[in-house]
Amino acid sequence: MKAQPIVAIKNISMKYQSPEGEIAALENVSLDIAEGEFISIVGPSGCGKSTLLNIIAGLITPSAGEVKIKNQVVNGPTGMVGYMPQRDQLFEWRNIWKNVILGLEIQKKLTEENLQFAEQLLKNYGLVEFKHKFPSQLSGGMRQRVALIRTLATKPDILLLDEAFSALDYQTRLVVSDEVKQILVKEHKTAILVTHDLAEAISMADRVVVFTSRPGTVKNIYTIKLTCASKTPLGCREAPEFREYFNKIWKELGVRV
Amino acid sequence: MSENRQKKTVSKEHEAYLRQLKIYKYKVLGTQIFLLISIIILWETAGRLGWIDTFITSQPSRIWKTLVNLSQEGTLYYHTGITVMETIVGFISGTILGTLIAIFLWWSNFAAQVLDPYLVILNALPKVALGPIIIVWVGNGIPAIIAMALLVSLIVTIIGVYSGFAQVDPEKIKLLKTFGATKLQILQKAILPASVPTIISALKINVGLSWVGVIVGEFLVSKAGLGYLIVYGGQVFKLDLVMTSVIILSIAAALMYKAVVFLEQLFLKWR
Chain W
1 MKAQPIVAIK
11 NISMKYQSPE
21 GEIAALENVS
31 LDIAEGEFIS
41 IVGPSGCGKS
51 TLLNIIAGLI
61 TPSAGEVKIK
71 NQVVNGPTGM
81 VGYMPQRDQL
91 FEWRNIWKNV
101 ILGLEIQKKL
111 TEENLQFAEQ
121 LLKNYGLVEF
131 KHKFPSQLSG
141 GMRQRVALIR
151 TLATKPDILL
161 LDEAFSALDY
171 QTRLVVSDEV
181 KQILVKEHKT
191 AILVTHDLAE
201 AISMADRVVV
211 FTSRPGTVKN
221 IYTIKLTCAS
231 KTPLGCREAP
241 EFREYFNKIW
251 KELGVRV
Chain G
258 MSENRQKKTV
268 SKEHEAYLRQ
278 LKIYKYKVLG
288 TQIFLLISII
298 ILWETAGRLG
308 WIDTFITSQP
318 SRIWKTLVNL
328 SQEGTLYYHT
338 GITVMETIVG
348 FISGTILGTL
358 IAIFLWWSNF
368 AAQVLDPYLV
378 ILNALPKVAL
388 GPIIIVWVGN
398 GIPAIIAMAL
408 LVSLIVTIIG
418 VYSGFAQVDP
428 EKIKLLKTFG
438 ATKLQILQKA
448 ILPASVPTII
458 SALKINVGLS
468 WVGVIVGEFL
478 VSKAGLGYLI
488 VYGGQVFKLD
498 LVMTSVIILS
508 IAAALMYKAV
518 VFLEQLFLKW
528 R
């Protein structure tokens, strides 16, 4: 496992300035992520999980430390990172096809090859007949799939999932997270998922990173090994180890209401 | 799709429900027409029987006669045309200019903050009060009237469209940024298309406001237009002319509003 990490997060600290004072969101966070790995980050609300994603995406500059993606220091958005927002954020005035090629349009990469790739993704994931429909005509699960394809179309190396399923109802959520995981495995993508849902985190990830409350630091990292036949997140919830991980991480989080 | 669903599930109850719905709709429409006709008949008979003084209230038959006369002279089309033209130019330029200024404010947060109190005051100010200043500056004619119409709708447009821009989901902007979008691309791909409904509703409001601006402008300066006919008719006590002009005005205003609604449906077919 000690190959060159695709994402190297090194001693990241982040302080937000406001008229009321300084808020330390992250403190000395270091984490290496291997290619093809699925990482879940869990932690109490406001522990800076989303801040970390924003830093990896190059949207904000950390107060200290650096993030390297494929050995390149991140200082601004790069085409290497794809972002999946909380709601699908499909553009309602664009049809599905126009939504899917949004990223390519922005990056001025509307080549024949890329368009074919996008079309293929739609075909592979059963959405090609909805190409000319508008987002309002699709179900929540389908919309989420379109959002994922929109991200994949620009061929990012790393996907950032910022509570990407939290806006869906519970049943849809289980199905969609299953689908997304399978798509990511098939496309060999590295992914970082920020979530509040412990079960989701454990069932999808290779490693679960637990954050402390603000300022967020890495408290513990669990390597998840579930013995299950189906290898899908939904199926893996049946694995005997699932409960153990769940209880351990639950205690680690020390949730007090 | 909805047609299919309807065809499949037309049960007896549903049919009855639909019929009831239709009957209700016709009832409303029928009453509306009845009300209009009753007012016209009542007005006419009241005039004929001498209940009211038709010299100051006019009368449907006299309005009709005036309308026919004006139309034969050709002045009807001339005056209506001028007023409609002034209004269209006024509200379209008000909407475009207002949107452009809103884009500028969105682009520069600093400018938005600096200009905020000025916009608040200008918005509160009755723009009609600026009429004399406009006449002095722009001159005594159609340009002054258009300037008036523009001024009445401009500030409302700026404030409305700008706040529409601010309501675009920040997550959408964030998504575009992760793709590496520039500020211009964010404007093109998210802010403007997301604000089309806001801009069209500004257009709807501006149609009404521009009529106010144009008519007030015509009251003040013009030698032509429906506003001029109304003022002229009032001064020489030709109430027939005043009433006729007001009726043409209301028809023109309604038609223009309908045109904007049609435009809205054309642009917002994704809804």
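Quick note, the sequences are listed as chains W and G, same order.
Counting in our numbering, the first sequence runs from 1 upward without gaps.
Counting in our numbering, the second sequence runs from 258 upward without gaps.
Glycine included, every Cβ here is placed at the ideal spot set by N, Cα and C.
In this text the structure is predicted, and so the values were computed from the model without any measurement.
*Pull up the DSSP beta-bridge partners for Asp-32 (chain W), would you.*
Residue pairing of Asp-32 (chain W) in beta bridges, as defined by DSSP: W:Ala-8.
_Cβ-based neighbour list, Lys-219 (chain W), same chain, cut-off 7 angstroms, excluding 5 preceding and 5 following_ = If you ignore the 5 residues before and after Lys-219 (chain W), its C-beta comes within less than 7 angstroms of the C-beta of Val-210, Phe-211, Thr-212 and Glu-252, all in its own chain and listed in chain order.
_Length of the line joining the Cα atoms of Gln-522 (chain G) and Ser-328 (chain G)_ = Between Gln-522 (chain G) and Ser-328 (chain G), the C-alpha separation is close to 34 angstroms.
*Please determine, among W:Lys-109, W:Ser-177 and W:Leu-52, the residue with the shortest C-alpha to C-alpha distance to Gly-79 (chain W).*
Closest in C-alpha terms to Gly-79 (chain W), from the list W:Lys-109, W:Ser-177 and W:Leu-52, comes W:Lys-109.
*State the Cα-Cα distance for the pair Ser-467 (chain G) and Glu-475 (chain G), rounded to the nearest angstrom.*
Ser-467 (chain G) and Glu-475 (chain G): Cα-Cα distance of roughly 12 angstroms.
*Would you mind sorting Lys-186 (chain W) into buried or exposed? The rule is 16 or more other CB atoms within 10 Å of its CB.*
Exposed is the call here.
*Would you say Pro-62 (chain W) reaches chain G, if we count a Cβ-Cβ gap shorter than 8 angstroms as a contact?*
The Cβ of Pro-62 (chain W) sits no closer than 8 angstroms to any Cβ of chain G.
_Chain-ordered chain G contacts of Arg-87 (chain W) [CB-CB under 9 angstroms]_ = The contact set of Arg-87 (chain W) on chain G, defined by CB atoms closer than 9 angstroms, consists of Asp-426 and Glu-428 in chain order.
_Could you tell me the alpha carbon to alpha carbon distance between Glu-163 (chain W) and Ile-358 (chain G), rounded to whole angstroms?_
Cα to Cα, the separation comes out at about 37 angstroms.
*Interface residues of chain W around Ala-438 (chain G) at Cβ under 7 angstroms?*
Listed along the chain, the chain W residues whose CB falls inside 7 angstroms of the CB of Ala-438 (chain G) are Ile-106.
*Rounded separation between Gly-287 (chain G) and Gln-277 (chain G) - CA only*: C-alpha separation (whole angstroms): 15 angstroms.
*Identify which residue in W:Cys-236, W:Ile-41, W:Ser-13 and W:Ser-166 has its Cα closest to the Cα of Leu-60 (chain W).*
Leu is not the amino acid found at residue 60 (chain W); the sequence shown has Ile there. Nearest option by C-alpha distance: W:Ser-13.
*Less than 8 angstroms between the CB atoms is what I'm expecting for Leu-483 (chain G) and Thr-340 (chain G), so what's the real figure, rounded?*
About 4 angstroms separates the beta carbon of Leu-483 (chain G) from that of Thr-340 (chain G), a gap short enough to meet the 8 angstroms contact definition.
*Just checking my contact of Gly-43 (chain W) with Ala-25 (chain W) at CB under 8 angstroms: how many whole Å lie between their CB atoms?*
With 8 angstroms as the limit, Gly-43 (chain W) and Ala-25 (chain W) do not qualify as a contact, their Cβ atoms being about 11 angstroms apart.
*Could you tell me the distance, in whole angstroms, from the CA atom of Thr-154 (chain W) to the CA atom of Ala-8 (chain W)?*
So the alpha carbons of these two residues sit roughly 22 angstroms apart.
*Does DSSP put Phe-476 (chain G) in a helix, in a strand, or in coil?*
DSSP places Phe-476 (chain G) in helix when its eight states are reduced to three.
*Compile a chain-ordered list of the residues in the segment 176-206 of chain W whose CB is closer than 8 angstroms to at least one CB of chain B.*
Checking the listed chains, one finds no chain B in this structure; the protein chains it contains are W and G.
_Would you say Leu-115 (chain W) lies against chain G (beta-carbon separation less than 8 angstroms)?_
Contact with chain G is absent for Leu-115 (chain W), since none of that chain's Cβ atoms lies less than 8 angstroms from the residue's Cβ.
*Touching or not, the segment 62-78 of chain W and the segment 86-96 of chain W, by the rule of three or more beta carbon pairs under 8 angstroms?*
No, the segment 62-78 of chain W is not in contact with the segment 86-96 of chain W.
*asked:* Rounded to whole angstroms, what is the Cα-Cα separation between Phe-519 (chain G) and Leu-460 (chain G)?
replied: The straight-line gap from Cα to Cα measures roughly 12 angstroms.
*Any chain W beta carbon closer than 8 angstroms to Leu-441 (chain G)*: No, no contact with chain W.
*Shorter than 8 angstroms from the beta carbon of Leu-433 (chain G) to some beta carbon of chain W?*
Leu-433 (chain G) counts as touching chain W.
*At what residue ranges does the segment 449-501 of chain G contain a whole run of the alpha helix (DSSP H), taking only runs of 4 or more?*
Fully enclosed alpha helix (DSSP H) runs of 4 or longer: 453-478 and 483-492.
*Could you pull out every unbroken beta strand (DSSP E) segment of at least 3 residues lying fully inside the segment 130-202 of chain W, listed in chain order?*
Fully contained in the segment 130-202 of chain W are the following beta strand (DSSP E) runs of length 3 or more, in chain order: 158-162 and 190-194.
*From the beta carbon of Phe-242 (chain W), is the nearest beta carbon of chain G less than 8 angstroms away?*
No, its Cβ sits nowhere closer than 8 angstroms to a Cβ of chain G.
*Start and end of the alpha helix (DSSP H) containing Gly-351 (chain G)?*
Per DSSP, Gly-351 (chain G) belongs to the alpha helix (DSSP H) from 332-364.
*asked:* Strictly under 8 angstroms for the Cβ-Cβ distance: is Trp-93 (chain W) near chain G by that measure?
replied: At least one C-beta of chain G is nearer than 8 angstroms to the C-beta of Trp-93 (chain W).
*Would a C-beta distance cut-off of 8 angstroms place Ser-177 (chain W) and Pro-233 (chain W) closer than the cut-off?*
It is a contact, given that the beta carbons lie within the stated cut-off.
*Name the chain W residues whose beta carbon is nearer than 8 angstroms to that of Pro-374 (chain G)?*
Chain W residues near Pro-374 (chain G): none, gap ~21 angstroms exceeds 8 angstroms.
*Quick one: which chain W residues come within Cβ less than 9 angstroms of Val-453 (chain G)?*
Listed along the chain, the chain W residues whose CB falls inside 9 angstroms of the CB of Val-453 (chain G) are Trp-93.
*Looking at C-alpha atoms only, which residue of G:Leu-299, G:His-336 and G:Ile-320 is the closest neighbour of Tyr-485 (chain G)?*
Distance check between Tyr-485 (chain G) and each of G:Leu-299, G:His-336 and G:Ile-320 places G:His-336 closest, using alpha-carbon atoms only.
*Are the CB atoms of Leu-198 (chain W) and Leu-161 (chain W) nearer to each other than 8 angstroms?*
Cβ atoms of Leu-198 (chain W) and Leu-161 (chain W): not closer than 8 angstroms.
*Okay, do the segment 372-388 of chain G and the segment 426-439 of chain G touch, 3+ Cβ pairs below 8 angstroms being the bar?*
Touching, no.
*What span of residues does the alpha helix (DSSP H) with Val-409 (chain G) cover, start to end?*
Counted as a single uninterrupted DSSP element, the alpha helix (DSSP H) harbouring Val-409 (chain G) occupies residues 399-423.
*Could you give the distance in angstroms between the alpha-carbon of Glu-105 (chain W) and the alpha-carbon of Pro-5 (chain W)?*
Distance from the CA of Glu-105 (chain W) to the CA of Pro-5 (chain W), rounded to the nearest whole angstrom, comes to 30 angstroms.
*Which residue from W:Gly-82, W:Leu-127 and W:Ser-45 puts its Cα closest to that of Gly-254 (chain W)?*
Residue W:Ser-45 is the option with its Cα nearest to Gly-254 (chain W).
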